[in-house]
Amino acid sequence: MAAGWTFEDLMFTTLFFLAVWVGGKLFGLTGGTPLVGEIVVGMIMGPNVLDVVPFPDAVTLLGEIGLCVLICEAGLEVDLDMLKLVGFMGVTVAVVGSILPLAMGFGVAIAFGYDTVAALAAGASLAPTSMGIAINVLKTGKVLNTPTGQLIIAAAIVDDVIALVLLSELRAIADPSPAAIIIPIVSAVLYLGFGTLFATTVMPRVLPRISPHIPEDLRGNIFLGACLTLGLALMIACDYSKASYLLGAFLGGLSFCTSHECEVAWEKQVKRILYFLLHIFFAATIGFPIPVQDFWNWSTIARTAAFTCCMSGKWLTGLFGRPLSVTNFWTIGFAMSAWGEFAFLIASESYYVGTLTKDEYTPLAFAILLSAIISPFCLKFTLEYRNRQAKKEMEAGVTMARKHRKSLTVASVSDLSVAKNSSTVYYKIHAYAKSEWGMIARLFETAEELELNILETRVRAVRHGQALQVIYLSDRTMNLPFVCESGTPEAERMERRVRQIHDGYYDTLSGPGLDELIVVRWRPQEMGDNNSLELALLKDIEGYQKRLEVDTDHTQILARTSHSKPASDVGHEVEEDDNMVVEGYQTRRNRFEALYFDNTDLDWLLEKPEVEEQLPRKSILSVISGVRASLTGPPTELQESEMEMGVKGQ
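Going by full-length UniProt numbering, the sequence shown wraps up at 650, each residue one higher than the last.
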């Protein structure tokens with residue numbers, strides 16, 4: 001045809017796109033990462049095997065455009081508040097997770113006879129972590145928003161930046177000279193430094209000022225257009241200054257990472273296009289150059305196995321998990337060891353510029369492909385094991401709580417002997433404080449100092465630089481009855497312990513940014529019948545955030561108590577009746593209050609035994625459901641509705 005293509009070209013191109021989509025979906029159904037299926041389709045249908053895809057260079061270029069858009073999105077989705085909460089730990093994990101596999105890969109390459117330049121390229125290919133693979137598995141395992149998940153994502157973001165700097169050096173080491181090596185590094189560091197400063201200090205001030213002058217229905221599109229335009233301009237500037245043009249795409253997105261309107265517009269208008277382009281990137285840009293026919297010899301297999309073992313360098317990043325446990329170690333290690341888009345990119349770029357020969361590139365590409373298969377499966381298994389252990393750990397407490405609950409349905413309310421069997425004591429902490437650098441690490445350190453085990457926790461950055469913290473803990477130092485009678489030694493121990501925990505976390509979080517801190521005893525039955533602490537915590541923090549969004553000025557107190565005293569008086573002059581036991585303390589807007597468990601609330605259970613299973617949603621633990629002892633009146637409709645939603649501990 002006059003256009004330079006035939007119907008057969010159109011047909012085979014369409015079949016290729018369809019096969020890529022099907023291959024990704026089929027591999028995804030096995031529990032693996034879809035990109036592996038897409039790469040396999042590209043290897044088979046590409047130039048090295050069937051060679052049925054017309055205009056492979058054009059298809060590869062299309063995939064490269066998808067990569068640029070992906071990197072721009074990576075910058076746009078950077079959560080500055082989350083990076084601040086994680087602190088230097090994220091940087092440390094990223095640096096260690098890059099240097100160790102780079103050094104190991106370099107050593108393996110030298111051992112197999114690679115020259116120094118090729119060995120450096122091989123090591124650099126094993127340095128990056130696939131954020132996309134890690135996010136998908138962590139999200140499926142419901143730990144993406146945990147401190148461990150946030151640490152992994154923060155480290156992956158920094159890891160991407162390191163990979164962009166390494167990319168800037170690839171062309172330089174192909175024809176090394178002092179100027180060729182120094183200029184890309186200096187250029188990349190300068191762009192990264194000034195670009196990050198611009199994105200984090202200038203744009204957060206400029207965007208809110210110009211937003212009111214733009215019609216609301218056009219604001220998102222205008223910001224999106226500005227983001228893409230700035231990204232393209234920075235790509236050109238970076239390329240001319242010998243840095244990687246992908247660094248420019250990243251900085252373009254980073255400049256608008258504080259714009260919610262831009263993010264929404266991106267989701268609506270760019271996301272689906274990006275998904276299509278990424279399928280092509282993995283199948284064509286990555287899959288086409290892999291010479292699968294050259295894999296089947298012992299030399300290639302041995303080198304592939306050796307390069308694959310370099311994943312162990314990534315595993316050691318698990319040592320930075322907090323608290324350090326077997327599951328946290330392997331969760332971080334396996335998440336960081338998944339080589340993906342950047343690893344393939346560095347390896348293929350090294351091949352294209354001649355730094356790696358075809359024989360040197362083949363085992364490296366297969367090692368990266370194997371890691372994209374092995375690491376997600378291992379991470380998924382670890383998360384499943386973690387969730388099973390967490391559920392098993394809580395079942396004993398839930399069983400005990402339900403036994404007490406059923407006993408209380410037939411016992412006299414005044415007779416608490418049925419609840420005197422000692423069991424593990426659990427606590428729940430709600431805090432609303434200013435985001436501080438490295439806050440998450442300090443929360444774990446405080447728990448260790450207080451001899452507490454953190455069962456689950458969420459730290460969520462919200463508006464105005466503030467952060468929500470919801471923490472569930474168990475006590476390593478004592479067991480207490482399910483219900484403590486007022487005036488008993490057990491009740492006094494409970495009061496001293498919750499005061500100690502409150503004071504410990506107050507010291508950790510104190511400052512002008514601390515708006516609220518609540519520490520209460522918590523019973524495992526509060527999880528509900530599914531025994532899922534993760535689901536209970538998720539509902540808890542969602543409800544807590546909704547309450548704070550309504551109570552913007554923190555002036556609305558959902559339940560009032562007449563038993564509050566200044567901090568110096570609490571525990572000394574508070575007048576208690578026989579049914580009142582201190583099981584919590586709160587600091588709210590610099591006002592210190594004791595929180596009580598009221599035994600008389602058990603009347604509710606005896607009146608409505610048919611809804612026994614709803615007990616965790618009601619008021620056996622009045623302090624946890626937000627209704628403090630000695631209420632001045634019955635709960636309002638708002639309080640009742642929030643109790644039903646599981647908004648506890650307010």
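Note that beta-carbon positions come from the ideal geometry of N, C-alpha and C, so glycine has one too.
This structure is a prediction, so every number in the text was calculated from the model and none was measured.
Beta carbon of residue i nearer than 7 Å to that of residue j
i           : j           : result
residue 371 : residue 338 : yes
residue 486 : residue 455 : no
residue 262 : residue 224 : yes
residue 67  : residue 281 : yes
residue 151 : residue 144 : no
residue 163 : residue 90  : no
residue 310 : residue 166 : no
residue 279 : residue 20  : yes
residue 318 : residue 332 : yes
residue 288 : residue 34  : no
residue 220 : residue 252 : no
residue 13  : residue 285 : no
residue 160 : residue 74  : yes
residue 38  : residue 28  : no
residue 168 : residue 147 : no
Of the residues the options, the one placed nearest residue i, counting alpha carbons only
i           : options               : result
residue 363 : 446, 240 and 296      : 296
residue 452 : 430, 429, 469 and 476 : 476
residue 314 : 286, 217 and 329      : 329
residue 158 : 509, 65, 86 and 198   : 86
residue 95  : 491, 316 and 13       : 316
residue 581 : 203, 499, 185 and 505 : 499
residue 98  : 129, 79, 73 and 81    : 129
residue 217 : 591, 265, 186 and 113 : 265
residue 382 : 326, 65, 494 and 434  : 326
residue 88  : 54, 100, 460 and 436  : 436
residue 204 : 22, 254 and 213       : 254
residue 507 : 491, 449, 460 and 494 : 449
residue 40  : 369, 352, 29 and 73   : 369
residue 510 : 442, 236, 199 and 336 : 442
residue 186 : 214, 149, 244 and 198 : 244
Residue i classed as buried or exposed, judged by whether at least 16 other C-beta atoms fall within 10 angstroms
i           : result
residue 111 : exposed
residue 446 : buried
residue 479 : exposed
residue 340 : buried
residue 629 : Residue confidence is low: residue 629 scores 31 on pLDDT, short of 50, so the model does not pin down where it sits. No coordinate-derived value is stated.
residue 131 : buried
residue 193 : exposed
residue 522 : buried
residue 384 : exposed
residue 426 : buried
residue 32  : buried
Residue i versus residue j - alpha carbon distance
i           : j           : result
residue 258 : residue 228 : 15 Å
residue 526 : residue 424 : In this prediction, residue 526 has a pLDDT of 48, which is less than 50 and means its spatial position is unreliable; what the coordinates show is noted afterwards. Between residue 526 and residue 424, the C-alpha separation is close to 15 Å.
residue 45  : residue 51  : 6 Å
residue 497 : residue 595 : 13 Å
residue 26  : residue 36  : 10 Å
residue 587 : residue 516 : 6 Å
residue 514 : residue 322 : 23 Å
residue 635 : residue 520 : A caution first: residue 635 carries a pLDDT of 36, below 50, which makes its placement in the model too unreliable to give a value.
residue 361 : residue 242 : 24 Å
residue 269 : residue 71  : 16 Å
residue 179 : residue 11  : 48 Å
residue 294 : residue 134 : 30 Å
residue 120 : residue 438 : 33 Å
residue 431 : residue 457 : 11 Å
residue 380 : residue 141 : 7 Å
residue 260 : residue 113 : 51 Å
residue 654 : residue 299 : An answer regarding residue 654 cannot be provided, because it is not within the stretch 1 to 650 covered by the chain.
residue 471 : residue 78  : 25 Å
residue 69  : residue 342 : 14 Å
Continuous alpha helix (DSSP H) stretch holding residue i: start and end
i           : result
residue 505 : 489–509
residue 446 : 439–449
residue 77  : Taken as a continuous stretch (DSSP letters only), residue 77 belongs to no alpha helix (DSSP H), as it is neither H nor E.
residue 234 : 216–240
Residue i Cβ short of 6 Å to the ligand NAD heavy atom set
i           : result
residue 257 : With respect to the ligand NAD, the structure shown offers nothing to examine, as it has no ligands at all.
Endpoints, beta strand (DSSP E) assigned at residue i
i           : result
residue 436 : From DSSP, residue 436 is part of no beta strand (DSSP E); its letter is neither H nor E.
residue 481 : 466–481
residue 285 : No beta strand (DSSP E) holds residue 285; DSSP gives it neither H nor E.
residue 453 : 452–461
residue 517 : 516–522
CB contact check: residue i to chain D, cutoff 7 Å
i           : result
residue 519 : The displayed structure is made up of one protein chain only, and chain D is not part of it.
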